[in-house]
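Residue numbers (our numbering): 42 to 341.
Quick look at the structure:
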């Protein structure tokens, strides 16, 4: 039945670029498989990123593709690093009017939630371990100075069965939880961004130019050794923490003027290294993608 549906898709191509349909769309999977059997190239795009997991998807995407587009510096023979299309619009946005948004005064905490049941093997919190991230976030909040607590606003993740939005509202109050607004809108209102897991939201924060801090459990978030030196540098610069209390105490010390810390020579060096290794926000991103895609099909 799936093959029959796929055969009716009237798309002729030399290369397929996918970020998610190779996971979620059964008809698309079969269509891709049929095309690959006829020598069509398959390019898998990393749909998010910051610090890659210890064994990211067990190299499944590398196994099925001709190339995998990554955010971080390549560490597999099939990796090609290109600017992340979802982040390139942020290139330099902090220099425009959005950077001077009148409500940019909040300590914005980006929440985390994962489904209640394990649906695949991973190297981040699974099922009930999601609660440990919530508990760490509350611990972080409790160790903030009173004036910072008044400025805290939480951006909960989507409800995956734990309903952390309701839990944050019960513990912190409705006024301390953002309404259902986009992450971009949240960042435009932020004096400082607090990320609670080492994935895409941290890269978004680093790309935004707004002072950003990340804390996460080292035990529950096993990262690939290729980024160990980068993590060590960010830890030394007090951008990344494994302990939420230490992160809170650091925020207490810089809250009055976070840019004094954020624009210090040591932190700028760490920020630049993060962009060198984990973010490519080149303003010529379109040309880079064009050159790569043309190289994919030139011999077909």
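Ideal Cβ positions, reconstructed from N, Cα and C, are used throughout, including at glycine.
DSSP bridge partner residues for residue i (one or two, in chain order)
| i | result |
| --- | --- |
| residue 256 | 282 |
| residue 231 | 147 |
| residue 94 | 264 |
| residue 194 | 149 |
| residue 56 | 82 |
| residue 108 | 84 |
| residue 218 | 195 |
| residue 236 | 151, 255 |
Whole-Å CB distance - residue i paired with residue j, under 8 Å assumed
| i | j | result |
| --- | --- | --- |
| residue 263 | residue 56 | About 33 Å separates the two Cβ atoms, so there is no contact after all. |
| residue 256 | residue 284 | 7 Å |
| residue 156 | residue 202 | 6 Å |
| residue 124 | residue 323 | 5 Å |
| residue 223 | residue 91 | At roughly 19 Å, the Cβ-Cβ gap does not stay under 8 Å, so residue 223 and residue 91 are not in contact. |
| residue 300 | residue 121 | No, residue 300 and residue 121 are not in contact; Cβ-Cβ is about 35 Å, not under 8 Å. |
| residue 61 | residue 240 | The Cβ separation is near 15 Å, so there is no contact. |
Residue i vs residue j beta-carbon contact at 7 Å
| i | j | result |
| --- | --- | --- |
| residue 87 | residue 110 | yes |
| residue 235 | residue 251 | no |
| residue 197 | residue 181 | no |
| residue 129 | residue 326 | yes |
| residue 145 | residue 217 | no |
| residue 174 | residue 237 | yes |
| residue 296 | residue 189 | yes |
| residue 85 | residue 47 | no |
| residue 149 | residue 194 | yes |
| residue 232 | residue 278 | no |
| residue 162 | residue 168 | no |
| residue 192 | residue 228 | no |
| residue 154 | residue 177 | no |
| residue 311 | residue 280 | yes |
| residue 185 | residue 289 | yes |
| residue 107 | residue 83 | yes |
Residue i: first and last residue of the uninterrupted beta strand (DSSP E) it sits in
| i | result |
| --- | --- |
| residue 149 | 147–151 |
| residue 161 | No beta strand (DSSP E) holds residue 161; DSSP gives it neither H nor E. |
| residue 122 | 120–122 |
Boundaries (first-last residue) of the alpha helix (DSSP H) holding residue i
| i | result |
| --- | --- |
| residue 114 | Here residue 114 belongs to no alpha helix (DSSP H), and DSSP marks it neither H nor E. |
| residue 308 | 306–319 |
| residue 296 | Counting along the chain, residue 296 falls outside any alpha helix (DSSP H), and DSSP gives it neither H nor E. |
| residue 211 | 205–213 |
| residue 43 | 43–48 |
| residue 248 | 241–249 |
| residue 339 | Residue 339 -> no alpha helix (DSSP H), and no H or E assigned at all. |
| residue 177 | 171–183 |
| residue 273 | 269–277 |
| residue 62 | 62–65 |
Residue i Cβ short of 6 Å to the ligand ADP heavy atom set
| i | result |
| --- | --- |
| residue 264 | As far as ligands go, the structure on display features none, and thus does not contain the ligand ADP. |
* **Inter-stretch contact at 8 Å, needing at least 3 Cβ pairs: the segment 242–251 / the segment 97–106** => In the pairwise beta carbon analysis, the segment 242–251 is classified as not touching the segment 97–106: fewer than three pairs are separated by under 8 Å.
* Asked: Contact between the segment 308–319 and the segment 264–272: three or more CB pairs below 8 Å?
  -> yes
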